[in-house]
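Colleague: Protein sequences, first through last, are from chains W and E. The first sequence begins at 2 in this note's numbering and counts up by one. The second sequence begins at 2 in this note's numbering and counts up by one. Backbone N, C-alpha and C fix where the C-beta goes; we use that ideal spot for every residue, glycine too. I'd like to ask some things about the structure below.
Number of protein chains: 2
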Amino acid sequence: MVTLEDVARHAGVSLATASRVLNGSSRNVGRTMRERVEKSAAVLGYRTNVAAQTLARGASNVIGLVVHDLVDPYFAALADGAMRAAEAHGHMVMVGTTHRDPEREIAYVSTLNAQRVRAVLISGSRVTDPDVTSRLRVELDRYRESGGRVACVGQDLLGVGTIAPANREGAAELARSLAALGHTRFAVLAGPPHLITAADRSAGFAEALAGLGLPEPQVIHGPFDRDGGYEAVQEVAGATCVFAVNDVMAVGALAALRSRGVRVPDDISVAGFDDIGPLRDLTPSLTTVRLPLAEMGAQAVELALSGEEGDEPRVVPVECEVVLRESVRPLA
Amino acid sequence: MVTLEDVARHAGVSLATASRVLNGSSRNVGRTMRERVEKSAAVLGYRTNVAAQTLARGASNVIGLVVHDLVDPYFAALADGAMRAAEAHGHMVMVGTTHRDPEREIAYVSTLNAQRVRAVLISGSRVTDPDVTSRLRVELDRYRESGGRVACVGQDLLGVGTIAPANREGAAELARSLAALGHTRFAVLAGPPHLITAADRSAGFAEALAGLGLPEPQVIHGPFDRDGGYEAVQEVAGATCVFAVNDVMAVGALAALRSRGVRVPDDISVAGFDDIGPLRDLTPSLTTVRLPLAEMGAQAVELALSGEEGDEPRVVPVECEVVLRESVRPLA
DNA sequence: CTCCATTCGGAAAGCGGTTTCCAGTATGCC
DNA sequence: GGCATACTGGAAACCGCTTTCCGAATGGAG
Numbered sequence: 002m003v004t005l006e007d008v009a010r011h012a013g014v015s016l017a018t019a020s021r022v023l024n025g026s027s028r029n030v031g032r033t034m035r036e037r038v039e040k041s042a043a044v045l046g047y048r049t050n051v052a053a054q055t056l057a058r059g060a061s062n063v064i065g066l067v068v069h070d071l072v073d074p075y076f077a078a079l080a081d082g083a084m085r086a087a088e089a090h091g092h093m094v095m096v097g098t099t100h101r102d103p104e105r106e107i108a109y110v111s112t113l114n115a116q117r118v119r120a121v122l123i124s125g126s127r128v129t130d131p132d133v134t135s136r137l138r139v140e141l142d143r144y145r146e147s148g149g150r151v152a153c154v155g156q157d158l159l160g161v162g163t164i165a166p167a168n169r170e171g172a173a174e175l176a177r178s179l180a181a182l183g184h185t186r187f188a189v190l191a192g193p194p195h196l197i198t199a200a201d202r203s204a205g206f207a208e209a210l211a212g213l214g215l216p217e218p219q220v221i222h223g224p225f226d227r228d229g230g231y232e233a234v235q236e237v238a239g240a241t242c243v244f245a246v247n248d249v250m251a252v253g254a255l256a257a258l259r260s261r262g263v264r265v266p267d268d269i270s271v272a273g274f275d276d277i278g279p280l281r282d283l284t285p286s287l288t289t290v291r292l293p294l295a296e297m298g299a300q301a302v303e304l305a306l307s308g309e310e311g312d313e314p315r316v317v318p319v320e321c322e323v324v325l326r327e328s329v330r331p332l333a
Numbered sequence: 002m003v004t005l006e007d008v009a010r011h012a013g014v015s016l017a018t019a020s021r022v023l024n025g026s027s028r029n030v031g032r033t034m035r036e037r038v039e040k041s042a043a044v045l046g047y048r049t050n051v052a053a054q055t056l057a058r059g060a061s062n063v064i065g066l067v068v069h070d071l072v073d074p075y076f077a078a079l080a081d082g083a084m085r086a087a088e089a090h091g092h093m094v095m096v097g098t099t100h101r102d103p104e105r106e107i108a109y110v111s112t113l114n115a116q117r118v119r120a121v122l123i124s125g126s127r128v129t130d131p132d133v134t135s136r137l138r139v140e141l142d143r144y145r146e147s148g149g150r151v152a153c154v155g156q157d158l159l160g161v162g163t164i165a166p167a168n169r170e171g172a173a174e175l176a177r178s179l180a181a182l183g184h185t186r187f188a189v190l191a192g193p194p195h196l197i198t199a200a201d202r203s204a205g206f207a208e209a210l211a212g213l214g215l216p217e218p219q220v221i222h223g224p225f226d227r228d229g230g231y232e233a234v235q236e237v238a239g240a241t242c243v244f245a246v247n248d249v250m251a252v253g254a255l256a257a258l259r260s261r262g263v264r265v266p267d268d269i270s271v272a273g274f275d276d277i278g279p280l281r282d283l284t285p286s287l288t289t290v291r292l293p294l295a296e297m298g299a300q301a302v303e304l305a306l307s308g309e310e311g312d313e314p315r316v317v318p319v320e321c322e323v324v325l326r327e328s329v330r331p332l333a
C-alpha cells in the first residue's frame, strides 16, 4: 500500500506538503513542490486512505441513507435522487434497507453513527407506535449531538429537517377529482393502520369526501405492498372507484381485478398514489398522485447538509399533483 | 464525542481491555472487567469510531457496489440481494451509480479503493471498447494488489471472480421456444452494439435461429432502456415475433405497439429478458427469460468475500429459464 | 510447597492522514 | 537599508482504535 509518506519521501518533501498538495487544503503550495508531489503520486499510484483522512478530519464524505426496500421503485427513485445530489457534493452514499422493520431502522442509525457519516437520511413512513419513534429519536439525537446532520423524508416526527409530502392534501385533491367525474361510492385500500403515510392518505381522502357531502368510503386494511393490494381489493363491495394508497398496491389491485374478469375502468375505476416511473406503461395507465421522488431525495441531501449546527429543523412541504389517466373513467 | 478512552477511564480499566470488550477480539476478558466496561459504555453512550477502527485494522466493513442505474429494477434487485448477503456478513453497502458512463465506473473503483472497502462489486454489462475495459482492469488490479476483493456480475473480462449469466444460451433457448410455437420471422430489438450483454443475447438468439434453419432476424439497434424499445419497435417490418434484449425495452415496445393500435399477442408476439419483478403484472404478461437477480447479487458478495488472496478467479455460471407468458402466442 | 502453564490486564507502538505552530525567505513600503 | 508582512515548507502533535509484548496472577500437577 502506497502511503502519503512514501509519496513525500519519493518527492523529497515533507508529509505536510504532500498532504497539502494531494488532499485539498486551504493553504497552497509552491509550483515546484506541487508538481514534484503530483508526479510522485502518479508514479507510485498513490490513493488516499479515506479512513485515515476521516479520522484526522473528524468528518467523512459519506452520506447514509435508510430505506425500507430498494426493490420498491418508490425508494429506488428516492435513492437515485439522493445519490445524484450527494455526488454533486463529492459524497458517496451508503444504503441500509430495513425491509420495513423499525428496529433495523434504529440499528442502522447506530451503525451509520459509528461510521461517522456526514449525514443520515431517513425515508419511509413513520409508524404510529410512539415507543419506536422515540427510540429512533434518541438514537438520532445521539448522532446529532456529535455533529451529525439528519434529514427525513416523510412525517415530521423526528425533530429533524424533514421533506414532507402533502399526503393528506394530495389524497384529498384526488378524492375531489374523482368525485368531479361523478363517482360517489368509494373504497380505499388503506394499507396497514400503523403506517402514518398510509393513514394520512386514507384520512385525507375520506375527509375530502365528507367535505363534499359524500358517503364514507369502505376502508380495507392490509399490507402496503403489491400483494396487499391484490388481497384487499377482493373485499371491495359496491364501490365504483377504488383508491389504493400507493401505486404498488394499485398494481396488485389491477392484477386481482383482471384475474377475476373485472374490467378497469369500465366496471370499476382504480387510482393509486406516488406516480412510480416504471409503472407508467401499465394498461390501463394508472390514475395517481405524483410525487417528485428523485427531487425529494435530492432535497433531503441538501436539507441535511445545509444549515448550521444549532438551527431549528426546517420542514419542507412537497406538493403533489393529481394525474388522471385511463384507469379512471367518468361516471355517466 | 465519547471515545473508547473515556469509557476505559470511566470503567477504571485500560484502553486495551475496553477495546477487547467492546469490539470483538480474539482474546477474552474476565467477567468482572467485561461487565464494568459494558456498563460504562452504555452509560456514556459510546459508539465505536469505525474510521479509526478501519485505520487500525487495515480493513473496513463496507462493500462497494457499482451499478448503472438504481431505478432500473434489474439493478435494484441485484442490489437488494447483495445487501442482504452483505448484512449477513456484518457489512454495509456503499452504492455508486454510473448512469451508464464507463468512465464513472472507473472513477468509482478508485473512490472505493480510497475507502478501503472490503470488496468491490461491479455489475452491468461490459462494453466492447477494449481501452475502457483495460483501464478499468488497471484500476481493479491496483485495488486488488492492496488486498481488495472484487467480483463482477456480467461478462468475465476483468480477470476477477465473475457471476456470469448465460445470456447467449438463455436467448438461444428462448429462440427455440418461440420457434417451437411456429414463429419463423423475428425481429430483435438489440440495444446498443457496444454493450456486450445486449450483443450476446442478440447473437445467441440469431445463432439458435440459424441452427434451426430459420431466416436471420431483423436486428434493430438502439438504447438499452424503455425508450430505446419504444423507438426500435417502430422499425420492425414483417416479423411475427419481437425479441427485446431486456424487459425494460420490451415494456417500451409494448407501449409503442399499443399506441399504434397493434395488438399483442394477436397481431405480434413480444418477448423480453430478465424477468423483472415489478413488471410481472403487465398486460399482457411478458414472456421472458428469468435471471435470479437477487440471488446473483448475493452470490457476488459471497464470491468476492470467499477465497484466498492469490486464488485463481472463479467464474460462476448462472442459468436462465425461459418463461412463456401471454405476450407470445402460438402461430396457427 | 514449588514450578510451569495459562489467563488476563496494561503500556505503548503503530495505522495514515491533518493541522497547528515555527522558522526561513521573499516582498512591500518608508 | 530596515522593518513589518505575507508566503511557504517542515516538525510534531494529534485523531481513536488495535494489537503486540510484558508482567502479574491464578491454578493444577508433581
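Where does the unbroken beta strand (DSSP E) through L359 of chain E begin, and where does it stop?
Modeller: Because chain E is modelled from 2 through 333, residue 359 of chain E falls outside the range shown and cannot be assessed.
Colleague: Rounded to the nearest angstrom, what separates A43 of chain E and Q116 of chain W at their Cα positions?
Modeller: Each residue's alpha carbon lies about 18 Å from the other.
Colleague: Given 6 Å as the limit, tell me if S15 of chain W has its C-beta closer than that to any heavy atom belonging to the ligand GDP.
Modeller: Ligands displayed in this structure: none; no statement on the ligand GDP is therefore possible.
Colleague: Taking the C-alpha atoms as reference points, what is the distance between G278 of chain W and A60 of chain W?
Modeller: Spanning the two alpha carbons is a distance of roughly 35 Å.
Colleague: When DSSP labels each residue in this structure, what does L255 of chain W get in the three-state scheme?
Modeller: In the structure shown, L255 of chain W sits in a helix (DSSP, three-state: H, G or I).
Colleague: Would you mind reading off the limits of the alpha helix (DSSP H) that contains M297 of chain W?
Modeller: First-last of the alpha helix (DSSP H) with M297 of chain W: 294-306.
Colleague: By Cβ distance, which residues of its chain are closer than 8 Å to A333 of chain W, with the 5 residues on each side in sequence left out?
Modeller: Taken in chain order, the residues that qualify are G183.
Colleague: Residues in its own chain within less than 6 Å of V22 of chain E by CB, not counting five upstream and five downstream?
Modeller: Cβ within range, chain order: V30, R35, V38.
Colleague: Quick check: the stretch 232-246 of chain W against the stretch 254-272 of chain E, are at least 3 beta-carbon pairs closer than 8 Å?
Modeller: No, the stretch 254-272 of chain E is not in contact with the stretch 232-246 of chain W.
Colleague: Is there a Cβ of chain E sitting closer than 7 Å to that of V38 of chain W, yes or no?
Modeller: Judged by the 7 Å Cβ criterion, V38 of chain W is not in contact with chain E.
Colleague: Below 9 Å between beta carbons is the criterion; list the residues of the stretch 293-324 of chain W that meet it against any residue of chain E, in chain order.
Modeller: Within the stretch 293-324 of chain W, the residues whose Cβ lies closer than 9 Å to some Cβ of chain E are A295, listed in chain order.
Colleague: Give, in chain order, every residue of the stretch 83-106 of chain W whose Cβ lies closer than 7 Å to some Cβ of chain E.
Modeller: If the cut-off is 7 Å between Cβ atoms, the stretch 83-106 of chain W has M84, M93, V94, M95, V96, G97, T98 near chain E.
Colleague: Mind the definition here: the stretch 85-102 of chain W touches the stretch 149-168 of chain W only if three or more C-beta pairs lie below 8 Å; say whether that holds.
Modeller: With a cut-off of 8 Å, the stretch 149-168 of chain W and the stretch 85-102 of chain W do not count as touching, because too few Cβ pairs lie within range.
Colleague: Taking Cβ positions only, does N24 of chain E come closer than 7 Å to chain W?
Modeller: Answer no: the Cβ-Cβ gap between N24 of chain E and chain W never drops below 7 Å.
Colleague: Starting from the beta carbon of V68 of chain W, find every residue of chain E whose beta carbon is closer than 9 Å, and list them in chain order.
Modeller: By Cβ distance, chain E contributes nothing, its closest Cβ being about 10 Å from V68 of chain W, past 9 Å.
Colleague: Taking C-alpha atoms, which residue in E:A233, E:Q54, E:G149 lies nearest to R119 of chain E?
Modeller: The shortest Cα separation from R119 of chain E among E:A233, E:Q54, E:G149 belongs to E:G149.
Colleague: Could you check what DSSP says for S20 of chain W in three-state terms: helix, strand or coil?
Modeller: It is helical.
Colleague: Run through the DSSP bridge pairs and tell me what H184 of chain E is partnered with.
Modeller: According to DSSP, which records beta bridges pairwise, H184 of chain E is partnered with nothing at all.
Colleague: Kindly indicate if chain W contains any beta-carbon less than 7 Å away from that of M2 of chain E.
Modeller: Yes, contact with chain W.
Colleague: DSSP three-state call for Q235 of chain E: helix, strand or coil?
Modeller: Helix, per DSSP.
Colleague: Specify, as a first and last residue, the run of the beta strand (DSSP E) that H222 of chain E falls within.
Modeller: Here the beta strand (DSSP E) through H222 of chain E covers 219-222.
Colleague: Does any CB atom of chain W fall closer than 7 Å to the CB of Q156 of chain E?
Modeller: So no, Q156 of chain E is outside the interface.
Colleague: Does the separation of the CB atoms of A251 of chain E and A209 of chain E fall below 7 Å?
Modeller: No, the pair does not count as a contact, with Cβ atoms beyond the cut-off.
Colleague: Measuring CB atoms only, is the stretch 321-332 of chain W touching the stretch 167-174 of chain W, in the sense that at least three cross pairs come out at less than 8 Å?
Modeller: Segments in contact, yes.
Colleague: Of the residues W:R326, W:P218, W:N114, which one's Cα is nearest the Cα of A52 of chain E?
Modeller: Minimum Cα distance to A52 of chain E is reached at W:N114.
Colleague: Using a Cβ cut-off of 7 Å, pull out every chain E residue sitting near Q116 of chain W, in sequence order please.
Modeller: By Cβ distance, chain E contributes V51.
Colleague: Taking 7 Å as the threshold (beta carbon to beta carbon), is D7 of chain E in contact with chain W?
Modeller: So, not an interface residue.
Colleague: Hey, is T289 of chain W's beta-carbon within less than 7 Å of any beta-carbon in chain E?
Modeller: So no, T289 of chain W is outside the interface.
Colleague: Determine which residues of the stretch 261-272 of chain W have a Cβ less than 9 Å from any Cβ of chain E, and write them out in chain order.
Modeller: Taking 9 Å as the Cβ-Cβ cut-off against chain E, none of the residues of the stretch 261-272 of chain W qualify.
Colleague: Taking just the CA atoms, how far does V110 of chain E sit from L158 of chain E?
Modeller: Going from the Cα of L158 of chain E to the Cα of V110 of chain E covers about 16 Å.
Colleague: Can you tell me whether G46 of chain W is buried or exposed? The criterion is at least 16 other CB atoms within 10 Å of its CB, across all chains shown.
Modeller: The residue in question, G46 of chain W, is exposed, as its Cβ has fewer than 16 Cβ neighbours within 10 Å.
Colleague: Counting along the chain, where does the beta strand (DSSP E) carrying G65 of chain W start and finish?
Modeller: From DSSP, the beta strand (DSSP E) with G65 of chain W extends over 63-68.
Colleague: Which partner residues of A211 of chain E appear in the DSSP bridge assignment?
Modeller: Its beta-bridge partners do not exist; DSSP assigns none.
Colleague: Applying the criterion that 16 or more other CB atoms from any shown protein chain within 10 Å of the CB defines a buried residue, is N168 of chain W buried or exposed?
Modeller: Burial call: buried.
Colleague: Can you tell me where the alpha helix (DSSP H) with M2 of chain E in it begins and where it stops?
Modeller: It is not in any alpha helix (DSSP H) - M2 of chain E carries neither H nor E in the DSSP assignment.
Colleague: Report yes or no: is there a C-beta of chain E within less than 7 Å of the C-beta of D81 of chain W?
Modeller: Closer than 7 Å to some Cβ of chain E, the Cβ of D81 of chain W qualifies, so yes.
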